[in-house]
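Colleague: Residue numbers (the UniProt record's numbering), protein chains in the order written: chain A, 1 to 451; chain B, 1 to 451.
#1: Rounded to whole angstroms, how far is the Cβ of residue 310 of chain A from the Cβ of residue 273 of chain A, which I believe are closer than 8 Å?
#2: Straight-line CA distance for residue 80 of chain A to residue 277 of chain A?
#3: Would you kindly check if the distance between the Cβ of residue 305 of chain A and the Cβ of residue 341 of chain A is under 8 Å?
#4: Counting C-beta neighbours from all protein chains within 10 Å, is the total for residue 186 of chain B 16 or more, i.e. buried, or is it exposed?
#5: So that I know if they touch, is there some Cβ in chain A lying closer than 8 Å to that of residue 408 of chain B?
#6: Determine whether the Cβ of residue 174 of chain A lies closer than 8 Å to any Cβ atom of chain B.
#7: Starting from residue 225 of chain A and walking both ways along the beta strand (DSSP E), at which residues does that stretch end?
#8: Can you list the alpha helix (DSSP H) stretches of 4 or more residues lying completely in the stretch 9-58 of chain B, in chain order?
#9: Which whole-angstrom value is the C-beta distance of residue 423 of chain A and residue 176 of chain B, which I expect to be below 8 Å?
#10: Roughly how many angstroms separate the alpha carbons of residue 333 of chain A and residue 363 of chain A, rounded to a whole number?
#11: Flag residue 115 of chain B as yes if its beta-carbon sits less than 8 Å from any beta-carbon of chain A, otherwise no.
#12: Which ranges does the alpha helix (DSSP H) cover as unbroken runs of at least 4 residues, wholly within the stretch 408-437 of chain B, from first to last along the chain?
#13: Can you tell me where the beta strand (DSSP E) holding residue 184 of chain A begins and where it ends?
#14: Using beta carbons (cut-off 8 Å, strictly below), is residue 75 of chain B in contact with chain A?
#15: According to the neighbour-count rule (16 or more other Cβ atoms, all chains shown, within 10 Å of its Cβ), is residue 190 of chain B buried or exposed?
#16: Would you say residue 146 of chain B reaches chain A, if we count a Cβ-Cβ gap shorter than 8 Å as a contact?
#17: Assuming residue 360 of chain B and residue 439 of chain B make a contact with CB atoms under 8 Å, what is their CB distance in whole Å?
#18: Quick one: complete beta strand (DSSP E) runs, 3+ long, within the stretch 90-162 of chain A?
#19: Just grab the DSSP bridge partners of residue 271 of chain B for me.
#20: Quick one: what does DSSP say residue 448 of chain A is sitting in, helix, strand or coil?
#21: Using only the alpha-carbon positions, how far apart do residue 370 of chain A and residue 22 of chain A sit?
#22: Pull up the DSSP beta-bridge partners for residue 259 of chain A, would you.
#23: Would DSSP call residue 84 of chain A helix, strand or coil?
#24: What does the alpha-carbon distance come out to for the pair residue 161 of chain A and residue 335 of chain A?
#25: Which residues, in order along the stretch 147-158 of chain B, keep a beta-carbon less than 7 Å from a beta-carbon of chain A?
#26: Of the residues A:43, A:239, A:18, A:397, which one's Cα is nearest the Cα of residue 61 of chain A?
#27: Can you tell which of A:217, A:5, A:43, A:387 has its C-alpha closest to the C-alpha of residue 85 of chain A?
#28: Any beta carbon of chain A sitting closer than 8 Å to that of residue 335 of chain B?
#29: What residues of chain A sit near residue 9 of chain B, judged by a beta carbon separation below 9 Å?
#30: Would you give the residue range spanned by the alpha helix (DSSP H) that residue 301 of chain B belongs to?
#31: Taking only the alpha-carbon atoms, compute the straight-line gap between residue 215 of chain B and residue 200 of chain B and give it to the nearest angstrom.
#32: Rounded to whole angstroms, what's the CA-CA distance from residue 165 of chain B to residue 144 of chain A? Just pull it up for me.
#33: Count the C-beta pairs between the stretch 100-110 of chain B and the stretch 125-132 of chain B that are closer than 8 Å, then say yes if the count reaches three, no if not.
#34: With a cut-off of 8 Å, do at least 3 Cβ pairs link the stretch 111-123 of chain B to the stretch 222-232 of chain B?
#35: In three-state DSSP terms, what is residue 453 of chain B?
#36: Compile a chain-ordered list of the residues in the stretch 374-401 of chain B whose CB is closer than 8 Å to at least one CB of chain A.
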């Protein structure tokens, strides 16, 4: 029997994050102040972020030390396992070796905790003991709640109202860790009160919740804001995933031909892929890096590359990225974590420069892949992560077609224990492949800010 | 930093299960045929169990080989980690070292998969490709569904009707793995039809579901029955937990003073404790072994030691065990896995002989312990497992009182991702400590079979 799991000891866990800004041939254009349209400086951000994270956002240092206190909390679940999906290889009858990194072992159930912990930590170190954030389906809210709890900090989560009522379990988890969870739009902020005055029955949206959290943080001296994806420092923290994975594959004497991760705001893809992009950029290593996204929200495969706002109300800085436009409302697919109109500027720039690839996948093919994977490996995957599984399956079948023994690794970013209602709908035949609303996309792209 | 996790490689996983029947000073009295009241022989059981499991039920061999095919599936999640709960020790300000074994890493989310896999395997080896079973809240049904899926077998799960409708998520998981899940009472069996004729609105019960599954298996040549706890072979398979834990503690150069596990039918407790009972019985090692049960269903602490049926209808063999009587309906606590009227004969006999201990815990103290543990370690535990946490906390506080640096280990048998509604009720202040229905217990005990 060859080993199924490749484990690292805590001593083998990376003690530094990898900053890809040190090695990119072209950096993204700088974020712009939404009012002045001038590049934002540290002072613009210091009202809502601690100085250490602002530094991480812009530094070109290649390696950033992981503080010992953060390492100690990482040890609650890290290093996470890499597993060889032998049973999936057999089911596909492919000569490809399929590995996956499993981030679902985190107590939050996803990779989000990798950045929630350092974000909370760096705020705490600068005396900020209260964080405000937004959450849609709740993955990020759970992770930040756990992280704040570890450092004795308060956490206020603006949760999109429709999810607050329809997905009470992630809300329960946030409350177990002591967070105050508020249905957004709320009466707590001007932004929320304005929406409620216009429409008392508003179901809320991520854009509104971001506005409320940012307003909360900007108005209170004791409070900062935290974001779960998109920004450079978030992707930096997630690189612990790919750094570990590379060490683990080396223990099995392999280097991947293809590295795959699902991509919403980019933190999961960046975390898995950037340590391999490092090899490609600095050593000329031949490795394909594929971002897997939903065809119903095809930011990287159908978006425009340029400046756009991070939120619907246009309160955040303008980011240089692939975007579908803030007016684009993606169809109601069951991968809430991948329904974002924009994408990480770092990921966007790498795609634009041809260093990475992106592919999109239909919802039903993704759920078919998820069920096949579950039957082979036992693990019920999160729908978001299942985009990476479907991508890996397609690559493994292409390898079979070509008779090539490729080595493939994908990141399984989270488990699906809290996504079982989506599986229920799938098995009842109720999930459909939404056609992309082409006319809506065209109009949304036409309304992009002209800069 | 001392290590948080103690890991074993797959090569270090035990390759044999430990059979405590080899070392017990007194074996339980034999099971009796429910009709003749004579000891059951292999022929009585062969209609619903494969011969290899019947052998394991009665053998006095000390070590039983784990088949290689079972080991390979175990490797999907085993060896499971032992963790040092440093943050919990700190929160309690105790000199005690607190460790826990974590079985929630299994893809089923609990220890149940440890026996589901070999049970499916030994049936498959004897040509039986269809299993029938019952499930209440669904932990066992999920585990057996996964196990049957791995060996290409069919699985029919009779799920208590009220759970089928109120707890659809574990049902979804069984269906993902291809099981046929039927609300019990059903029209598929005589037992079910009889109940429905009397009461078409019957919510079902575990007793009825057992009757349906046993009838299904007894009537069909191609089908056997599988049980998730109580029986000797089930506890045998679970000993992989304690065997691993002992190796892991040895890596940290410690041997426990106290070993704790929650106890419903006994498979979790037996699996964790028996390898340590072995040391106590054969080497005179001084170690306390504590079974933690709910005060609302206090089988070991308030039950009668004698013969009783395993099911409500009296169709199963009479087992020699602690029992509250089959008429005892425990209050509706949120630890569905611990609401069984009887207990494993092996565990019962060891308790009767003073080799192990039992303690009972109120529901609200258990949930308080669960939330404290979650805040310290990140993991949201299953309510059943949280009985062991509360017991460990009490022992750690007693050690503090006595100024003794005891070493405590408990088994965290499962995670609570599918139990969040119970946490919701607890945090809303809706969970109460049910007083034991003393009069009902007295009457139930008075109606025990007279043998």
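Don't be surprised by glycine CBs; every beta carbon is placed ideally from N, CA and C.
Modeller: For this structure:
#1: Position 310 of the first chain, counted from the start, is the residue given in the question as residue 310 of chain A. Position 273 of the first chain, counted from the start, is the residue given in the question as residue 273 of chain A. With 8 Å as the limit, residue 310 of chain A and residue 273 of chain A do not qualify as a contact, their Cβ atoms being about 22 Å apart.
#2: For this step, residue 80 of chain A is matched to residue 80 along the first chain. For this step, residue 277 of chain A is matched to residue 277 along the first chain. About 21 Å.
#3: Taking the first residue of the first chain as 1, we reach residue 341 of chain A at position 341. Taking the first residue of the first chain as 1, we reach residue 305 of chain A at position 305. Not in contact: residue 341 of chain A and residue 305 of chain A (Cβ atoms no closer than 8 Å).
#4: Stepping through the second chain from its first residue, residue 186 of chain B is reached at position 186. Per the 10 Å Cβ criterion, buried.
#5: Within the second chain, residue 408 of chain B is the residue found at index 408, counting from 1. Not closer than 8 Å to any Cβ of chain A, the Cβ of residue 408 of chain B fails to qualify, so no.
#6: By one-based count along the first chain, residue 174 of chain A stands at place 174. Answer no: the Cβ-Cβ gap between residue 174 of chain A and chain B never drops below 8 Å.
#7: Position 225 of the first chain, counted from the first residue, corresponds to residue 225 of chain A. Segment 223-225, the beta strand (DSSP E) holding residue 225 of chain A.
#8: 42-45, 51-58
#9: Here residue 423 of chain A refers to the residue found at position 423 of the first chain. Here residue 176 of chain B refers to the residue found at position 176 of the second chain. Confirmed, Cβ separation roughly 6 Å.
#10: Position 333 of the first chain holds residue 333 of chain A. Position 363 of the first chain holds residue 363 of chain A. Whole-angstrom Cα-Cα distance: 7 Å.
#11: In the second chain, residue 115 of chain B corresponds to position 115, counting from 1. Not one chain A Cβ lies under 8 Å of residue 115 of chain B.
#12: 420-427
#13: Taking the first residue of the first chain as 1, we reach residue 184 of chain A at position 184. Residue 184 of chain A -> beta strand (DSSP E) spans 180-184.
#14: Counting from one through the second chain, the residue named residue 75 of chain B turns up at place 75. Taking Cβ atoms only, chain A reaches closer than 8 Å to residue 75 of chain B, which makes this a yes.
#15: In the second chain, residue 190 of chain B corresponds to position 190, counting from 1. Flag for residue 190 of chain B reads exposed.
#16: Along the second chain, read from residue 1 onward, the residue named residue 146 of chain B stands at position 146. Judged by the 8 Å Cβ criterion, residue 146 of chain B is in contact with chain A.
#17: Here residue 360 of chain B refers to the residue found at position 360 when the second chain is read from its first residue. Here residue 439 of chain B refers to the residue found at position 439 when the second chain is read from its first residue. Not quite, the Cβ-Cβ distance comes to about 19 Å (not below 8 Å), so this is no contact.
#18: 97-102, 130-135, 154-160
#19: As a first step, residue 271 of chain B is located in the second chain; it is residue number 271 there, counting from the start. In DSSP, residue 271 of chain B forms no bridge with anything.
#20: To locate residue 448 of chain A, count along the first chain from 1; it is residue 448. Residue state, collapsed to three classes: coil.
#21: Here residue 370 of chain A refers to the residue found at position 370 when the first chain is read from its first residue. Here residue 22 of chain A refers to the residue found at position 22 when the first chain is read from its first residue. In a straight line, the C-alpha of residue 370 of chain A is about 36 Å away from that of residue 22 of chain A.
#22: Here residue 259 of chain A is taken as the residue at index 259 of the first chain, counted from 1. BP columns for residue 259 of chain A point to A:289, A:409.
#23: As a first step, residue 84 of chain A is located in the first chain; it is residue number 84 there, counting from the start. Of the three classes helix, strand and coil, the one that applies to residue 84 of chain A here is strand, per DSSP.
#24: As a first step, residue 161 of chain A must be located in the first chain, where it is residue number 161. As a first step, residue 335 of chain A must be located in the first chain, where it is residue number 335. Whole-angstrom Cα-Cα distance: 17 Å.
#25: 149
#26: The residue given as residue 61 of chain A occupies position 61 in the first chain. Checked all of A:43, A:239, A:18, A:397; the closest Cα to residue 61 of chain A is A:18.
#27: Stepping through the first chain from its first residue, residue 85 of chain A is reached at position 85. Answer by Cα proximity: A:5.
#28: Taking the first residue of the second chain as position 1, residue 335 of chain B is located at position 335. Taking Cβ atoms only, chain A never reaches closer than 8 Å to residue 335 of chain B, which makes this a no.
#29: The residue you call residue 9 of chain B lines up with position 9 of the second chain. Near residue 9 of chain B (Cβ distances below 9 Å), the residues of chain A are 3, 5, 7.
#30: Locating residue 301 of chain B in the second chain gives position 301, where the first residue counts as 1. Taken as a continuous stretch (DSSP letters only), the alpha helix (DSSP H) holding residue 301 of chain B covers 299-302.
#31: Your numbering for residue 215 of chain B matches position 215 in the second chain. Your numbering for residue 200 of chain B matches position 200 in the second chain. When rounded, the distance between both Cα atoms is 20 Å.
#32: Counting from one through the second chain, the residue named residue 165 of chain B turns up at place 165. Counting from one through the first chain, the residue named residue 144 of chain A turns up at place 144. Distance between the alpha carbons of residue 165 of chain B and residue 144 of chain A is about 33 Å.
#33: no
#34: yes
#35: This structure leaves residue 453 of chain B out entirely; chain B is present only between 1 and 451.
#36: 374, 375, 377, 378, 379, 380
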